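K.L.:
Count the sequence shown with our numbering and you get residues 11 to 300, in order.
Here it is, the structure, as structure tokens.
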Amino acid sequence: MRPKPNVCCSYVAGRSVVSLFYTISSPSLRSSLASPGCMQRSFGSSTKGCTGSTKKTRGRGLVHSLFCCLRADVSEPPSPHGSSSPPAAPEENGSLTRAGISEPLGRFLLPEVKLTDREKLCVVIDLDETLVHSSFKPITNADFVVPVEIDGTVHQVYVLKRPHVDDFLKRMGELFECILFTASLAKYADPVADLLDKWSVFQARLFRESCVFHNGNYVKDLSRLGRDLNRIVIIDNSPASFVFHPDNAVPVVSWFDDMSDTELLDLLPLFEGLNEVDDIYSLLRQHRTS
């Protein structure tokens with residue numbers, strides 16, 4: 011069951027920032043860390059197993075179990091020497107979290123498509139470095155702050171929204187069946203999505219446990235969604251995430267803090283075009299090679 015958040019308001023650099031406070035009990039984290047896949051994702055490099063030999067390693071592992079990040083330079087919450095964005099470790103496979111409720115759905119990850127969405131494309135949208143950038147290091151212009159308590163210690167996660175993300179999500183929700191699919195754990199991603207998705211665009215939310223661990227990476231297997239593969243498009247900044255279905259992908263450049271970025275806005279004409287065609291592959295191929 012989803013933990014009930016407490017909502018508070020804090021100030022970062024004079025701005026009012028919405029926060030959700032989540033308390034995480036250590037037993038559930040330890041059980042997730044005990045799984046074979048408990049390792050930090052370092053894109054393009056080898057993964058490292060989790061160990062519990064020292065208090066420092068144990069604490070670091072607990073924090074890593076919450077988040078996912080593609081940057082190899084990210085490690086743990088801020089120390090006197092600085093540090094940065096959220097990495098992580100997996101739980102079990104095969105559940106869907108929608109509106110905060112996690113339940114097994116058998117063969118497919120998604121429930122049966124709604125009648126109102128049957129003629130729509132299913133668009134799978136990534137979270138970190140696609141829609142937002144999150145960091146343990148304070149961000150002065152953060153849009154959200156999500157404090158998470160781990161074993162009595164509160165770690166502040168600062169979240170910055172990619173430029174034009176609100177307009178992008180609103181338009182996507184008007185056109186498509188939109189699914190949030192992130193390799194991060196729900197403990198972090200769910201409260202971020204609560205704050206980000208003002209229009210309830212996402213019909214479902216899929217997290218780390220719904221990924222397939224393959225060759226050291228967490229892959230989003232579109233064939234497990236329960237939708238016609240010819241009618242699915244995935245937007246993601248990580249090629250490893252869509253390695254099983256590259257022809258269905260709209261790759262985006264990883265975003266961290268460039269406030270002049272217009273990528274999401276620039277993608278809207280492509281998706282409006284995809285909404286009008288029967289063969290999505292030709293248009294997607296043309297976009298990737300242009």
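Heads up, the beta-carbon is just placed ideally off N, CA and C, and yes, glycines get one too.
It should be emphasised that the depicted structure is a prediction, and the values quoted were computed from it without experimental measurement.
Check whether the Cβ atoms of Q167 and V155 lie closer than 8 Å to each other.
P.N.:
The sequence shown places Val at residue 167, not Gln. Taking 8 Å as the Cβ cut-off, V167 and V155 qualify as a contacting pair.
K.L.:
Do you know offhand how far C48's Cα is from D204's?
P.N.:
Low confidence applies here, because C48 scores a pLDDT of 30, under 50, leaving its location unreliable; read the following figure in that light. Their backbone Cα atoms lie some 26 Å apart in a straight line.
K.L.:
Got a sec? Which residues, its chain only, sit under 6 Å from K171 by beta carbon, not counting five neighbours each side?
P.N.:
V142, D153.
K.L.:
Taking DSSP as the reference, what is the three-state secondary structure of R128?
P.N.:
In the structure shown, R128 sits in coil (DSSP, three-state: anything other than H, G, I, E or B).
K.L.:
Please confirm if the region 270-286 is in contact with the region 214-231, defined as three or more CB-CB distances below 8 Å between the two stretches.
P.N.:
Output reads no: the region 214-231 does not touch the region 270-286.
K.L.:
For the alpha helix (DSSP H) containing S292, list its first residue and its last residue.
P.N.:
Segment 290-299, the alpha helix (DSSP H) holding S292.
K.L.:
When burial is assigned at 16 or more other CB atoms within 10 Å of the CB, is M182 buried or exposed?
P.N.:
Under this definition M182 is a buried residue.
K.L.:
Out of P201, T150, T192, V211, state which residue places its alpha-carbon closest to the alpha-carbon of E184.
P.N.:
The candidate whose alpha carbon is nearest that of E184 is V211.
K.L.:
Would R234 and L131 be called neighbours here (beta carbons separated by less than 8 Å)?
P.N.:
Contact flag unset, no.
K.L.:
Where does L216 fall in DSSP's three states?
P.N.:
Of the three classes helix, strand and coil, the one that applies to L216 here is strand, per DSSP.
K.L.:
For A152, report the span of its beta strand (DSSP E) as first-last.
P.N.:
Neither: A152 is in no beta strand (DSSP E) and is coded neither H nor E.
K.L.:
So V134 packs on I244, CB below 8 Å; how close in whole Å?
P.N.:
Yes, V134 and I244 are in contact; Cβ-Cβ is about 4 Å, under 8 Å.
K.L.:
Would you say P256 and D246 are within 8 Å of each other, going by their C-beta atoms?
P.N.:
Not in contact: P256 and D246 (Cβ atoms no closer than 8 Å).
K.L.:
Residue range of the beta strand (DSSP E) that K230 falls in?
P.N.:
From DSSP, K230 is part of no beta strand (DSSP E); its letter is neither H nor E.
K.L.:
How is D136 classed by DSSP in three states: helix, strand or coil?
P.N.:
DSSP places D136 in coil when its eight states are reduced to three.
K.L.:
Might you give, ordered along the chain, the residues of its own chain that have their beta carbon closer than 6 Å to the beta carbon of N285, omitting 5 neighbours on each side?
P.N.:
Hits under 6 Å: L185.
K.L.:
Count the other CB atoms, across all protein chains shown, that sit within 10 Å of the CB of V164; report buried if there are 16 or more and exposed otherwise.
P.N.:
Counting Cβ neighbours within 10 Å, V164 comes out exposed, since fewer than 16 surround it.
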